[in-house]
Amino acid sequence: MKEEPIIFSIETSCDETAVAILKGRNTVLSNLVVSQIDIHKIFGGVVPEIAARKHLNYLNQLTNKAFEEANIKPEEISAIAVTYGPGLVGALLIGLNFAKGLALNLNKPLIGVNHLYGHIYANFIAFDDLEPPFLVLLVSGGHTMILHAKDYLHFEIIGQTIDDAAGEAFDKVARLLNLGYPGGPKIDKLAQNGKPIYDFPKPLYHKGYDFSFSGLKTALLYFTKKNDNYKIEDVAASFQKALIDTLIHKTMKAAKDLKVDKIIIAGGVAANSYLRKRIEDEKAKRKNMKIYFPPLNLCTDNALMIARAGYEKFIRNSFADLSLDAVPNLGLRDI
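Rendered as structure tokens:
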């Protein structure tokens, strides 16, 4: 019987320093994440230079701890997978150069992984029955798009945001409401005690599969300037409903039009409690629909998702060489 590959992975695209070790398709040997939220929240957002320096401080310690936790030696791994984009260039370079040094020292193949596909593959760790074709709603701080996965490595963009991403809109609105950073979890928690009584706009709601959240954010800004006697919980609930309803409507429309009965939700916004509830409501209406959410700890940035995407590339001998460079604006052209 062929021995299962062991993938060591690194994720440093933004402000989480993460490493993981995955055996085969979904046997987790180690999964470590150090968040920098407490450092960056005093600035109201991520400071790229600070993020890069912290990655440099944490990576070696996390790597040693991961191998101790997995109870294996570095020489036993099959390959090293690392995020090479998209993300903050300085942060990406720290992880990428660390991975290159490790690959050179251990004489192991290097696998470059697109961070966006990592989010999608987080679901594959939790669900054994998941296989293409399926539809993906990818919602994160920097990206919002609907994808059609025809096989494991090929994803077609069906729709995407033409301005703000969903997570970006959450953060900007949280800033307008003086809630602090990160905005998504704060609005989600606040909205649970509010009522969606305000009718905020849903741009492009009935137009194709593309998204636009800039107008929604602007409408909320004008609302708060013109009104004094509102409950902030109701504003949060109303904003969240307008945004999430738009995500759900367009995703379900795409699934119906493309005749797809499996939907994956991926990215940091996949942790939103209202999005999860609304998706479950839609699933209950559709007898044959299957909808997959990653576990909460795999919604936000982590290295385990990078390892899982790396596994798919490993079994296809899709390796990178040491000239692999960081690509901050990497699109969906390559997994």
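Everything in the sequence shown is counted per my numbering, starting at 80 for the first residue and increasing by one. Ideal Cβ positions, reconstructed from N, Cα and C, are used throughout, including at glycine.
For residue 313, the residue or residues it bridges with in DSSP: Within the sequence shown, the letter at position 234 stands for residue 313. Its beta-bridge partners do not exist; DSSP assigns none.
Three or more C-beta pairs below 8 Å linking the segment 376 to 383 and the segment 104 to 121: Because the criterion of three Cβ pairs below 8 Å is met, the segment 376 to 383 and the segment 104 to 121 touch.
The segment 83 to 91 in contact with the segment 369 to 376 per 3-pair CB rule at 8 Å: Judged by pairs of C-beta atoms under 8 Å, the segment 83 to 91 does not touch the segment 369 to 376, as fewer than three such pairs exist.
Bounding residues of the alpha helix (DSSP H) (the contiguous stretch that carries residue 293): Stepping through the sequence shown from its first residue, residue 293 is reached at position 214. Taken as a continuous stretch (DSSP letters only), the alpha helix (DSSP H) holding residue 293 covers 293 to 305.
Sequence ranges, alpha helix (DSSP H) only - wholly within the segment 108 to 177, length at least 4: Runs found: 116 to 119 and 127 to 149.
Cβ-Cβ distance between residue 151 and residue 85 below 8 Å: Within the sequence shown, numbered from 1, the residue matching residue 151 stands at position 72. Within the sequence shown, numbered from 1, the residue matching residue 85 stands at position 6. In contact: residue 151 and residue 85 (Cβ atoms closer than 8 Å).
Cβ neighbours of residue 322 in the same chain (closer than 7 Å, five flanking residues each side left out): The residue you call residue 322 lines up with position 243 of the sequence shown. Apart from sequence neighbours up to five positions away, the residues of its chain that approach residue 322 with a beta-carbon distance below 7 Å are 245, 248, 292 and 295, ordered along the chain.
Length at least 4, wholly inside the segment 338 to 384: the alpha helix (DSSP H) runs in chain order: Taking only runs of at least 4 residues, the alpha helix (DSSP H) segments lying wholly in the segment 338 to 384 are 352 to 364.
Meets three-Cβ-pair contact criterion under 8 Å: the segment 269 to 276 and the segment 356 to 366: Short answer: they don't touch.
N-terminal and C-terminal residue of the alpha helix (DSSP H) that residue 201 is part of: Looking up residue 201 in the sequence shown gives position 122. Per DSSP, residue 201 belongs to the alpha helix (DSSP H) from 194 to 205.
At least three beta-carbon pairs within less than 8 Å, the segment 115 to 131 to the segment 93 to 102: The segment 115 to 131 and the segment 93 to 102 touch, with no fewer than 3 CB-CB distances between them shorter than 8 Å.
Nearest candidate by alpha-carbon position, reference residue 389, set 268, 243 and 200: As a working mapping, residue 389 is identified with position 310 in the sequence shown. Comparing Cα-Cα distances from residue 389 to each of 268, 243 and 200, the minimum goes to 200.
Residue 115 and residue 102 closer than 8 Å at C-beta: Position 36 of the sequence shown, counting from 1, holds the residue named residue 115. Position 23 of the sequence shown, counting from 1, holds the residue named residue 102. For the pair residue 115 and residue 102, the CB atoms are not nearer than the 8 Å cut-off.
Outcome for residue 250 when other beta-carbon atoms lying within 10 angstroms are tallied against a minimum of 16: Reading the sequence shown from its first residue, position 171 is the one you call residue 250. Burial state of residue 250 is buried, judged by a 10 Å Cβ sphere holding 16 or more other Cβ atoms.
For residue 269, the first and last residue of its enclosing alpha helix (DSSP H): Looking up residue 269 in the sequence shown gives position 190. Per DSSP, the unbroken alpha helix (DSSP H) holding residue 269 starts and ends at 262 to 270.
Coarse secondary structure for residue 83, derived from DSSP in three states: Here residue 83 corresponds to residue number 4 of the sequence shown, with the count starting at 1. Coil.
Distance CB(residue 459)-CB(residue 216) smaller than 8 Å: Beyond the ends of the chain as shown, which are 80 and 414, falls residue 459; an answer cannot be given.
Beta-carbon proximity list for residue 73, same chain, < 6 Å, skipping 5 on both sides: A question about residue 73 goes unanswered here, because the residues of the chain that appear run from 80 up to 414.
Residue 300 versus residue 279: straight-line alpha-carbon distance, rounded: Against the sequence shown, residue 300 aligns to sequence position 221. Against the sequence shown, residue 279 aligns to sequence position 200. Cα-Cα distance, rounded: 11 Å.
Where the beta strand (DSSP E) containing residue 213 begins and where it ends: The residue labelled residue 213 in the question sits at position 134 within the sequence shown. Start and end: 213 to 218.
Residue span of the beta strand (DSSP E) that contains residue 234, given as start and end: Position 155 of the sequence shown, counted from the start, is the residue given in the question as residue 234. According to the DSSP assignment, residue 234 belongs to the beta strand (DSSP E) that extends over 233 to 239.
Meets three-Cβ-pair contact criterion under 8 Å: the segment 337 to 357 and the segment 299 to 314: Touching, no, given that fewer than three Cβ pairs across the two stretches are closer than 8 Å.
Helix, strand or coil at residue 391 [DSSP, three-state]: Position 312 of the sequence shown holds residue 391. In this structure, residue 391 counts as helix in the three-state DSSP scheme.
Proximity of residue 197 and residue 162 at Cβ, strictly below 8 Å: For the purposes of this step, residue 197 is taken as residue 118 along the sequence shown, with counting starting at 1. For the purposes of this step, residue 162 is taken as residue 83 along the sequence shown, with counting starting at 1. Yes, Cβ-Cβ distance for residue 197 and residue 162 is below 8 Å.
CB of residue 324 within 8 Å of CB of residue 265, strictly: Reading the sequence shown from its first residue, position 245 is the one you call residue 324. Reading the sequence shown from its first residue, position 186 is the one you call residue 265. The beta carbons of residue 324 and residue 265 sit no closer together than 8 Å.
Short Cβ contact (8 Å threshold) for residue 154 with residue 185: To locate residue 154, count along the sequence shown from 1; it is residue 75. To locate residue 185, count along the sequence shown from 1; it is residue 106. Contact check for residue 154 against residue 185 passes: the beta carbons are separated by less than 8 Å.
As assigned by DSSP and simplified to three states, the class of residue 328: On the sequence shown, residue 328 is found 249 positions in, with the first residue counted as 1. Residue 328 falls in the helix class under three-state DSSP.
Helix, strand or coil at residue 221 according to DSSP, with G and I counted as helix: Numbered from 1 along the sequence shown, position 142 holds the residue referred to as residue 221. The answer is coil: DSSP assigns residue 221 none of H, G, I, E or B.
Contacts around residue 221, its chain only, beta-carbon distance under 8 Å, and the 5 residues preceding and following it disregarded: Locating residue 221 in the sequence shown gives position 142, counting from the first residue. Exclusion of the five residues before and after residue 221 leaves 165, 244, 246 and 247 as the residues of its chain whose Cβ lies within less than 8 Å of its Cβ.
Supposed close pair residue 187, residue 145 - CB separation, criterion 8 Å: Residue 187 sits at position 108 when you count from the first residue of the sequence shown. Residue 145 sits at position 66 when you count from the first residue of the sequence shown. Contact between residue 187 and residue 145 is absent: CB atoms are separated by about 15 Å, not below the 8 Å threshold.
Proximal residues to residue 350 (C-beta, below 6 Å), its chain only, five neighbours per side dropped: Numbered from 1 along the sequence shown, position 271 holds the residue referred to as residue 350. Once the five neighbours on either side are set aside, the close Cβ partners of residue 350 are 375 and 378.
Cβ shell of residue 177 (< 6 Å), same chain only, five flanking positions each side left out: Your numbering for residue 177 matches position 98 in the sequence shown. If you ignore the 5 residues before and after residue 177, its C-beta comes within less than 6 Å of the C-beta of 138, all in its own chain and listed in chain order.
Beta-carbon contacts of residue 277 that lie in its chain and below 6 Å, excluding the five residues immediately before and after: To locate residue 277, count along the sequence shown from 1; it is residue 198. Hits under 6 Å: 317.
Short Cβ contact (8 Å threshold) for residue 312 with residue 256: Within the sequence shown, the letter at position 233 stands for residue 312. Within the sequence shown, the letter at position 177 stands for residue 256. Their beta carbons are not under 8 Å apart, which means residue 312 does not touch residue 256 by this criterion.
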